[in-house]
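A.B. asks: From first to last, the protein sequence lines stand for chains D and L.
FYI, the UniProt record's numbering numbers position 196 of the first sequence as 196, with every residue one higher than the one before it.
FYI, the UniProt record's numbering numbers position 115 of the second sequence as 115, with every residue one higher than the one before it.
Every residue, glycine too, gets a C-beta built ideally from N, C-alpha and C.
Pasting a structure below so you can have a look.
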Amino acid sequence: MAIVRALRVPLRLRPRFSSLSSIAGSISTLVIGEHEGGAVKAPTLSAVEAAKYLGEGNSVSVLLAGTGSSLQDAAEHAASCHPSISQVIVADSDHFVHHLAEPWARLVQLVQQREGYSHIVTVSNSFGKNVLPRAAALLDVSPITDVVSISGPNQFVRPIYAGNALSTVRYTGNSPCLLSVRSTSFPEPTVAADFRAEKAPISQDSIRKSRYVKLTSQETERPDLGNAKVVVTGGRALKSAENFKMIEKLAEKLGAAVGATRAAVDAGFVPNDLQVGQTGKIVAPELYLAFGVSGAIQHVAGMRDSKVIVAVNKDSDAPIFKVADYGLVGDLFEVIPELLEKLPEK
Amino acid sequence: MKIMVAVKRVIDYAVKIRVKADKSGVETQNVKMSMNPFCEIALEEALRIKEAGLASEVVAVTMGPKQSIDTLRTGLAMGADRGIHVEATGDLFPLAVAKLFKALVEIEKPGLIILGKQAIDNDCNQTGQMVAGLLGWPQGTFASKVVLDKEKQEVMVDREVDGGLETLCLNLPAVITTDLRLNQPRYATLPNIMKAKSKPVKKYTPEELNVATNSDLEVVEVTEPPKRKAGVLVSSVDELIDKLKNEAHVI
């Protein structure tokens, strides 16, 4: 049965740790969470899942911010969605409606000062990338971002040089150790748990130096690129936004998400949030189909962990064929219609 | 208003990197080095703001060993007015860079700081956010459009985020980090490369700026990622569908 606790009095402070080496079994993690429509977002669960690898007996608290009933609903969902979560902290204020970095980083700092976690974890999506380093600066620690593997409380592996090398880094500083993880490296499960929600301290500093104006996004029925099981990507060879509709048709047939190369986005065929690559989205689906994609280092960085890679390109020398499991040298304008015709119904 | 821009010297984006046999890092000897592409975009944006009459001076800043001066000279050739080189050997992690930046800001007092969103060597995507945090300034990261309003002392920033394009309005002074589509950087023309030789460059050391560069991070080793199994070429769509269905079991 879920238990909700709304605290108005300051919490008893946990003992503060001055150095990670003195933590033997006293690992506690704050996960910086996101929510939408009254539920915790999938990436947050990746972060919770990743926290397991930090050590035994890790108690995980999830921090959610926002306002109103959708926040409260999300807090209740957070409690019941993963066995590692022992606490949910809510910051209810209209400072957080648009999830700006300035109030969020300050919030993380305040919660950390009050609770003294050994680790603070988020996912390295555009929210986590925006907030975590700022929070780290406020806490005067170096964060470790875009982690793909955790081997204990202070050793992590992260990709460098567009994923062409892996760097194993050891954190030797004071608590807290801040990290962001790639959601594709820590897939989320769904199980049940107990619930305790607490109120977070909210700074009344007027952090109104930044204001949200608007979000421009495209409505789509396609699954989310970040966690789709199948991705169909088009490159500049599609030649126009109109032709790109072929990619969308194929994606629909396969129940897939649509991806694009930087060149296709730059050319205006599709919006920026479809870009897969070193500085775009990192994906690792079961099946990745690339049409008219040359396979530049920077694009490959975003999809090299896909289970099966298929490439279709007119140029047999295209670097994409070096990374593809199945390559077809041919004209995508012939291959895609043929696939649409011959692929089995989903 | 003065604009400070961070520029970093990195292995050129087109180079195929090699991991050293002793796993201590990536090979940089005899390898083509260039200005980080995102830093080029940052500098280009600063120059455009100045050319629009909204800023008086563009100062390019680089941090690193002696050879980093090359990158600074490129920045001066592109059009920066002055350069600052914080000379430091050894690994400089983002937190140290951010602290050095803060020290420079206290001397130079810029109204706007522009950095690339990430360096293509360590792909950290941290420094801009950290500079903003240390200074208590608002941040507009992953910017694809920047519009300054000098009168209102504000800047509107379109950001490329997971869900599309987010527009924020920031009070100046502010920190902006650049994304790919913000602009197309200019090439340095030969006359400008010549002019750049006489533009002033001020040198500092971390000690002079009172910043300790010892880090709470240690690189244990650098390795190659696991290699994918070699793929096969198929000769028809039928064969492709067959393999995907019966061999890979993904459809």
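(1) Going by CA-CA distance only, name the one from L/Leu244, L/His249, L/Ala174 and L/Lys66 that's closest to alanine 132 of chain L.
(2) Return helix, strand or coil for histidine 77 of chain D, following the three-state DSSP convention.
(3) Which class does histidine 98 of chain D belong to by DSSP, given the choice of helix, strand or coil?
(4) Using a Cβ-Cβ distance under 8 Å, would cysteine 169 of chain L count as near chain D?
(5) May I ask whether a heavy atom of the ligand ADP can be found less than 7 Å away from the beta carbon of serine 175 of chain D?
(6) I need the straight-line Cα distance from glycine 231 of chain L to phenylalanine 321 of chain D, nearest angstrom please.
(7) Note down the Cα distance separating alanine 237 of chain D from isoleucine 120 of chain L, rounded to an integer number of angstroms.
(8) Within the same chain, show all residues whose beta-carbon is closer than 7 Å to that of glutamate 154 of chain L, passing over the 5 residues directly before and after it, in chain order.
(9) Which residues in the same chain have their Cβ closer than 8 Å to the Cβ of lysine 41 of chain D, if we skip the five residues on either side of it in sequence?
(10) How far does the beta strand (DSSP E) with methionine 33 of chain L in it reach, from first residue to last?
(11) In the DSSP output, which residue or residues are listed as bridge partners for alanine 260 of chain D?
(12) Taking any Cβ of chain A, which residues in the region 117 to 131 of chain L have a Cβ under 9 Å from it, in chain order?
(13) Which chain D residues are close to lysine 199 of chain L, counting only those with a beta carbon under 8 Å from its beta carbon?
(14) So what does DSSP say about alanine 311 of chain D, is it helix, strand or coil?
(15) Enumerate in chain order the residues of its own chain whose CB-to-CB distance from leucine 138 of chain D is below 6 Å, with the five nearest sequence positions on each side excluded.
(16) Take alanine 39 of chain D as the anchor and find which of D/Leu30, D/Thr261, D/Asp73 and D/Ser46 has the nearest alpha-carbon.
(17) Taking DSSP as the reference, what is the three-state secondary structure of lysine 239 of chain D?
(18) So which of L/Glu44, L/Leu244 and L/Arg9 has the shortest CA-CA distance to serine 34 of chain L?
(19) Taking any Cβ of chain L, which residues in the region 218 to 230 of chain D have a Cβ under 8 Å from it, in chain order?
(20) Assign histidine 249 of chain L to one of two classes, buried (16 or more other C-beta atoms within 10 Å of its C-beta) or exposed (fewer than that).
(21) Which residues bound the beta strand (DSSP E) around residue 368 of chain D?
(22) If the cut is a Cβ gap below 7 Å, which residues of chain D does serine 215 of chain L touch?
(23) Excluding the 5 residues preceding and the 5 following proline 225 of chain L in the sequence, name in chain order all residues of the same chain whose CB lies nearer than 7 Å to its CB.
(24) Beta-carbon of methionine 156 of chain L versus every beta-carbon of chain D: anything under 8 Å?
C.D. replies: Taking the definition as stated:
(1) Here residue 132 of chain L is taken as the residue at index 132 of the second sequence, counted from 1. When each option's Cα is compared against that of alanine 132 of chain L, the closest is L/Ala174.
(2) Walking along the first sequence from the start, residue 77 of chain D turns up at place 77. Of the three classes helix, strand and coil, the one that applies to histidine 77 of chain D here is helix, per DSSP.
(3) As a position in the first sequence, residue 98 of chain D is number 98, starting the count at 1. Histidine 98 of chain D falls in the coil class under three-state DSSP.
(4) Here the question's residue 169 of chain L lines up with position 169 in the second sequence. True, the Cβ-Cβ gap to chain D drops below 8 Å.
(5) Judged by which ligands are present, the structure shown has none, so any question about the ligand ADP falls away.
(6) Walking along the second sequence from the start, residue 231 of chain L turns up at place 231. Walking along the first sequence from the start, residue 321 of chain D turns up at place 321. Taking the straight line joining both Cα atoms gives about 8 Å.
(7) Residue mapping note: residue 237 of chain D aligns to position 237 of the first sequence, counting from 1. Residue mapping note: residue 120 of chain L aligns to position 120 of the second sequence, counting from 1. Distance between the alpha carbons of alanine 237 of chain D and isoleucine 120 of chain L: 26 Å.
(8) Mapped onto the second sequence, residue 154 of chain L falls at position 154. Excluding sequence neighbours, glutamate 154 of chain L sits near Cys169, Leu170, Asn171 and Leu172.
(9) Here residue 41 of chain D refers to the residue found at position 41 when the first sequence is read from its first residue. Counting only Cβ-Cβ distances below 8 Å, and skipping sequence neighbours, we find Gly33, Glu34 and His35.
(10) Taking the first residue of the second sequence as 1, we reach residue 33 of chain L at position 33. Element bounds for methionine 33 of chain L: 33 to 35.
(11) Against the first sequence, residue 260 of chain D aligns to sequence position 260. Answer by DSSP bridge pairing, in chain order: D/Gly234 and D/Gln275.
(12) The chain labelled as chain A is not found among the protein chains of the depicted structure, namely D and L.
(13) Here residue 199 of chain L corresponds to residue number 199 of the second sequence, with the count starting at 1. What lysine 199 of chain L touches in chain D: nothing, since even the nearest Cβ is about 30 Å away.
(14) Your numbering for residue 311 of chain D matches position 311 in the first sequence. Three-state DSSP puts alanine 311 of chain D in a strand.
(15) By one-based count along the first sequence, residue 138 of chain D stands at place 138. The residues are Ala105 and Gln109.
(16) Numbered from its first residue, the first sequence carries residue 39 of chain D at position 39. Nearest C-alpha to alanine 39 of chain D: D/Asp73.
(17) Position 239 of the first sequence, counted from the start, is the residue given in the question as residue 239 of chain D. Three-state DSSP puts lysine 239 of chain D in coil, outside helix and strand.
(18) As a first step, residue 34 of chain L must be located in the second sequence, where it is residue number 34. When each option's Cα is compared against that of serine 34 of chain L, the closest is L/Arg9.
(19) Gln218, Gly226 and Val230
(20) For this step, residue 249 of chain L is matched to residue 249 along the second sequence. Per the 10 Å Cβ criterion, exposed.
(21) This structure cannot speak to residue 368 of chain D, because chain D is shown only from 1 to 346.
(22) Taking the second sequence and counting its residues from 1, the one referred to as residue 215 of chain L is at position 215. Ser142, listed in chain order.
(23) Along the second sequence, one-based indexing puts residue 225 of chain L at 225. So the list is empty, once near-sequence residues are dropped.
(24) Counting from 1 along the second sequence, the entry for residue 156 of chain L is found at position 156. Yes, methionine 156 of chain L lies at the interface with chain D (some Cβ there is under 8 Å from its Cβ).
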